[in-house]
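Here is the structure we will look at, set down as structure tokens.
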Amino acid sequence: MKTTGFRSTILYVLGAGFLLGLGVFLYGFCTDGGKWALQPFNRHITGESLSSGEGRVLDRNGTVLAETKDGNRVYAGDAATRRAMLHTVGDTNGYISTGVQHIFRAELSGYNLVTGLTSPTGKANGSDIHLTLDSSLCKLARQQLGSRDGVAALYNYQTGELLCMVSTPDFDPQNPPKDLNTDKTGKYSGVYLNKVLSSTFTPGSVFKLVTSAAAIENIPNLDSRTWKCNGSVTINGNKITDVHSYGQLSFKKALAKSSNVAFSQIAVELGADKMQAEADRMGFNRSFSMDGIPSAKDHYSVKGAAPDGLGWSGVGQYTDLANPFHMLVLMGAIANGGTPVMPYFVQSVTTPAGITTKQGEAKTGPELVAPDTASRLTGYMRYNVTNGYGDGLFPGLAVCAKTGTGEVGHGQHPNCWMVGFSSRQQTPYAFVVLVENSSSGSVASAGHIASALMKAAAGGQ
Amino acid sequence: MKISSEWISVFLFALRVAVPLLFISTAWRCFSSMRLGKRREDPVIVLENTVTHKIIPVLYWENSLGRSWSCDIVLHDQTASRAHAVLMRRESGWLISDTNSKAGTFVNGRKVKDKTPVLPGDVISMGATSLRLKRTADVKGMKPSKPRWRHAAAPSRLLASATLLQALLCAQVCLAGSKPDPEPLIPFGLLLAMEWILYGYSIHLLGHVSFELETLAFLLTGVGVMLLCGTNRKAAYTQLAAVAAGIIVFRFLIWFMGDLDRVMRWRVAIGALAILLFAVNLAFAHTRNGSKNWIYVGPVSIQPSEFIKIAFVLVGASTLDRLQTYKNLTGFIAFSAVCMGALFLMKDFGTACIFFATFLIIAFMRSGSLRTILLACAVAVFGAFFILKFKPYVAERFTSWGHVWEHVNDSGGYQQVRVLSYAASGGLFGVGLGKGCLKKVFAATSDLVFGMLCEELGLLLAVAAVIVIAALALYARSLATRSRSTLYSISACAAGGLLLFQACLNIFGATDVLPMTGVTLPFISLGGSSMVSVWGMLAFIKASDERTYAARRHRK
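Protein chains in written order, with the working numbering: chain A, 1181 to 1641; chain B, 8 to 563.
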């Protein structure tokens, strides 16, 4: 029996294996438990389960944008606000991966190792999230966009608070349409994307700001030079055209008229290296981030481009792509003398016990424009408004802006842009508006939305 | 109404905190009571060398005598065989059996042919050595051993604790919905009846002194049944029926193993029956979830391989005199090969793994030969290689193993990621019985039951439950030298190892520590055949406790 006893120690081998396996599981449970639990398929977070009481999402004025009532996620009272805030707040299923409800799901759900996703009292144990956004401003932007696809964003370039962020198409998260995920016509194409952050578009003439910056820094006698604009110019056998024949144009006028003929020649004159350097410096080919959400990288690359390609690139066509969030940051940079205050949209995250675990604050970004260049660009952009688009769009706001019409081809109308900012210190707002597939011009489409937003933002002070 | 629902939430949370604490304390008391209940290794009798008058204590119920250092009683005598004889204690008294020695064994000068009784004062002669059997009490300077059993806690109190735990769980299920539901009281009542009837039968009718193992089994079984009450009421009743059948098998096996000669006589027949059952299975079985291991008998579906586990352990175990006489393992290896071959044909690879692990334990405990173990493992690796080559769907399980998060919505990782996600959702105390979401995933109550335990009852209870299963295996190990026969110790270690290995496959498969094999968690998973077989395994551990058969004699 002694030997039987000795041989029974083989069970210790098994026992050791058991402890090892259990250790691996428990280690994962402790270190990755949050990641495991916070999955979109987890019905304790999304869906009908009663066990989790998620926190609320509120705007800057305390309007409740999302909360959990009787186990259901309930969104803002009116449909227009719900749709306007969809991409910021996110949907119940977590398909909108840049939404607050997805990014801050750990905070909202109140997950912790001890109670998991459960709430001992059955009441909400998740944190509340206060946003810097103004839901009424977003609602206005959403109404202005109407049935058109596009984006609108506006932020305070002194404090960094994002006040408006809207992306269309959208849907009502309270009553998602039945054909949302089955539709084949493409009417919901991009519905889960927050285009402000996650999409890039052909910039068209908005990019002329980059070409301008390069010109300011590399052409000494810029303001005394003129360009002859006869409606078209042929570079390398490729004809680049303007809407009108403008005749002899100074640099300032060429920007205000947005002459492709002038700017394509400037780009060719500067050369690929300088154009590339300027675009990179101003933030192209780079990702920015807002509260940890990365923005899509925009694109500018003219390495090895033929002269006609380089010419087109200088007027925002060729392979150029711009991200609306980056454009907003760039406007903030120019308005602030070259260095932006980075936008943020989460003002605070507060636990039910009243402890603030995250506080939004102004953070300075990288210098995107040299101070002198920024100041001269401001002057040119102000001239664009006063002599081009009409100062009546932004009465008393001293807005500096640039429009753009990005040709996209494929039988689609162009993307109409307007980017800009108020140079008044009392109304420190920068904006970006984009209307996709627009049959009317940039001022008539994007310009009018920008006008409505800036007036409302300034009036709301 | 709002206030009352909040109070119910707080009350349910308090229950969820109380349950694991009560579980741990009850299990702890059971194990410490079993530890204290073990006999101290004091000799009851001694052997006195008739020439040198040297006293040799006889420590075990079965003692090997011989020249080899590994014998319990070493004979320093060149004329004795390495394994000469076995001195064992049976109900009739002390017996000696010669195990094919060269020189033979003599009691009072008469040559021993079969098992021969030895009385105090008799002289056993082996080769040139003669030993006189003596009572310890008759030897000067040796204290007689105390035959009284100590126990830490009254068995009724331990069972009452387990019942209280089940009541707490039942309360949770009743209050899980929006309205209190009294129906779970029925399965609770049935469980209560079963455990107290078994208690009354064992303690009062049979005169047993211990009930800790049964209490532990009811502790685990109760958790499983209550988990089912919150998920699938009908299944809970099926499970209870299986528990009743399991208890009958448990009591029958304990009775059957009471007579070691009977077990040794029936061993070949049991082995033949097992192989026959496999043959019937292969001929008539239905394929369910990829494995051809289900037989339908009227409305009942059974898994024959579960019952063969019991036969496998019985065939594998052996008494010491037989072990020492017939040293080779050929018969058992052949039997094991047939069993595992049949399981491969049934495509039940999880169960095949369990049989293999059990085979290794039994083979090692019988032979002590590492060479046999290594050879068996080499064959297994070779076999595994062929399976992966010719059965690509098995290999599929391995490809997603460790990468389940890349297979969130395909069969490779669908179940595992949900187990992990919902397990983490429960935290330490769970979301509450009946409130889980994992139950909607396929095989939640069987293969993924560990995830359900974590989700609904919390990590604390889930880990405590599997530690109890591991502790059962280690308890079986601790009895190895104390039980009444090597047949009991080998079968107990095999049964304990089988339960632990099966538990490992279940919990680590579901949580992606190991590839998913689809086996049940002992005592807790839904599965009738499995429940019966698990109680059968418990019988082996129970039989290994020397008190199990002491009580019966005590009554006579």
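Ideal placement from N, C-alpha and C gives every residue a C-beta, glycine not left out.
Note that the coordinates shown come from a computational prediction; the quantities given were computed from them, not determined experimentally.
Between the options, which lies nearest to residue i when the distance is taken from Cα to Cα?
| i | options | result |
| --- | --- | --- |
| residue 1234 of chain A | A:1580, A:1536, A:1291 | A:1291 |
| residue 317 of chain B | B:41, B:258, B:59, B:543 | B:543 |
| residue 1409 of chain A | A:1441, A:1592, A:1394, A:1491 | A:1441 |
| residue 502 of chain B | A:1254, A:1194, A:1183, A:1186 | A:1194 |
| residue 1260 of chain A | A:1566, A:1328, A:1316 | A:1316 |
| residue 1468 of chain A | A:1510, A:1337, A:1480 | A:1510 |
| residue 1275 of chain A | A:1366, A:1639, A:1371, A:1286 | A:1371 |
| residue 1617 of chain A | A:1331, A:1252, A:1265, A:1289 | A:1331 |
| residue 322 of chain B | B:202, B:346, B:483 | B:346 |
| residue 57 of chain B | B:314, B:306, B:128, B:30 | B:128 |
| residue 1477 of chain A | A:1382, A:1519, A:1552 | A:1382 |
| residue 1558 of chain A | A:1626, A:1597, A:1436, A:1630 | A:1436 |
| residue 1606 of chain A | A:1600, A:1629, A:1639 | A:1639 |
| residue 220 of chain B | B:489, B:537, B:165 | B:165 |
| residue 1599 of chain A | A:1363, A:1348, A:1384, A:1187 | A:1384 |
| residue 51 of chain B | B:34, B:39, B:25, B:70 | B:70 |
| residue 1262 of chain A | A:1539, A:1337, A:1238, A:1560 | A:1238 |
For residue i, which beta-bridge partners are listed by DSSP?
| i | result |
| --- | --- |
| residue 92 of chain B | B:72, B:105 |
| residue 140 of chain B | B:54 |
| residue 429 of chain B | Residue 429 of chain B pairs with nothing; no bridge assigned. |
| residue 80 of chain B | B:72 |
| residue 1337 of chain A | Answer is none; residue 1337 of chain A lacks a bridge partner. |
| residue 293 of chain B | B:301 |
| residue 65 of chain B | B:52 |
Give the DSSP-derived three-state secondary structure of residue i in the structure shown.
| i | result |
| --- | --- |
| residue 310 of chain B | coil |
| residue 1330 of chain A | strand |
| residue 1611 of chain A | strand |
| residue 1545 of chain A | coil |
| residue 415 of chain B | coil |
| residue 531 of chain B | coil |
| residue 1310 of chain A | strand |
| residue 1438 of chain A | coil |
| residue 119 of chain B | coil |
| residue 14 of chain B | helix |
| residue 301 of chain B | strand |
| residue 1597 of chain A | strand |
| residue 1465 of chain A | coil |
| residue 463 of chain B | helix |
| residue 559 of chain B | Bear in mind that a pLDDT of 49 at residue 559 of chain B, under 50, signals an unreliable position, so the model cannot answer this. |
| residue 60 of chain B | coil |
| residue 1374 of chain A | coil |
| residue 167 of chain B | helix |
| residue 1628 of chain A | helix |
| residue 573 of chain B | Absent from the model: residue 573 of chain B. The displayed extent of chain B is 8 to 563, so no value can be given. |
| residue 1580 of chain A | strand |
| residue 288 of chain B | helix |
| residue 362 of chain B | helix |
| residue 113 of chain B | strand |
Against chain C, does residue i count as a neighbour if the rule is that its beta carbon must be under 8 angstroms from one of theirs?
| i | result |
| --- | --- |
| residue 428 of chain B | No chain C is present in this structure, whose protein chains are A and B. |
For this session: Output the residue ranges of the alpha helix (DSSP H) runs that lie fully inside the stretch 1380 to 1432 of chain A and measure 4 residues or longer, sorted by chain position.
Result: The qualifying runs are 1388 to 1398.
For this session: Could you pull out every unbroken alpha helix (DSSP H) segment of at least 4 residues lying fully inside the stretch 201 to 277 of chain B, listed in chain order?
Result: Counting only runs of 4 or more, we get 219 to 236, 240 to 263.
Exercise. Taking three-plus beta-carbon pairs below 8 angstroms as touching, is the stretch 496 to 511 of chain B in contact with the stretch 216 to 225 of chain B?
Worked result: No, because fewer than three Cβ pairs between the stretch 496 to 511 of chain B and the stretch 216 to 225 of chain B fall closer than 8 angstroms, the two stretches do not touch.
Exercise. Going along the chain, which unbroken runs of the alpha helix (DSSP H) with 4 or more residues stay wholly within the stretch 1509 to 1577 of chain A?
Worked result: Counting only runs that start and end inside the stretch 1509 to 1577 of chain A, the alpha helix (DSSP H) elements of at least 4 residues fall at 1551 to 1564.
Problem set entry | Cβ pair count under 8 angstroms reaching 3, the stretch 1210 to 1219 of chain A against the stretch 519 to 528 of chain B | At 8 angstroms Cβ cutoff, the stretches do not touch.
For this session: Let me know the alpha helix (DSSP H) ranges lying completely inside the stretch 1210 to 1269 of chain A, each 4 residues or longer, listed in chain order.
Result: DSSP runs (the alpha helix (DSSP H)) wholly in the stretch 1210 to 1269 of chain A: 1259 to 1269.
For this session: Counting only runs of 3+ residues fully inside the stretch 371 to 408 of chain B, write out the beta strand (DSSP E) ranges in chain order.
Result: Runs of the beta strand (DSSP E) inside the stretch 371 to 408 of chain B: none found.
For this session: Return the chain-ordered ranges of every alpha helix (DSSP H) run that is complete within the stretch 489 to 522 of chain B and spans a minimum of 4 residues.
Result: The qualifying runs are 493 to 517.
Exercise. Counting pairs of beta carbons, one from the stretch 1390 to 1400 of chain A and one from the stretch 1410 to 1417 of chain A, are three or more of them closer than 8 angstroms?
Worked result: No, they do not touch.
For this session: Spell out a yes or no on whether the stretch 374 to 386 of chain B and the stretch 394 to 413 of chain B are touching, meaning 3 or more CB-CB pairs, one atom from each, closer than 8 angstroms.
Result: No, because fewer than three Cβ pairs between the stretch 374 to 386 of chain B and the stretch 394 to 413 of chain B fall closer than 8 angstroms, the two stretches do not touch.
Exercise. Would you say the stretch 353 to 362 of chain B touches the stretch 293 to 301 of chain B, given that touching needs at least three Cβ pairs under 8 angstroms?
Worked result: Segments in contact, yes.
For this session: Entirely within the stretch 1452 to 1505 of chain A and at least 4 residues each: give me those alpha helix (DSSP H) ranges in chain order.
Result: Note on the stretch 1452 to 1505 of chain A: whole alpha helix (DSSP H) runs with a minimum of 4 residues are 1452 to 1461, 1487 to 1494, in chain order.
Exercise. Given 8 angstroms as the limit, is there contact between the stretch 129 to 146 of chain B and the stretch 88 to 104 of chain B, that is, 3 or more CB pairs closer than that?
Worked result: Verdict: yes, contact present.
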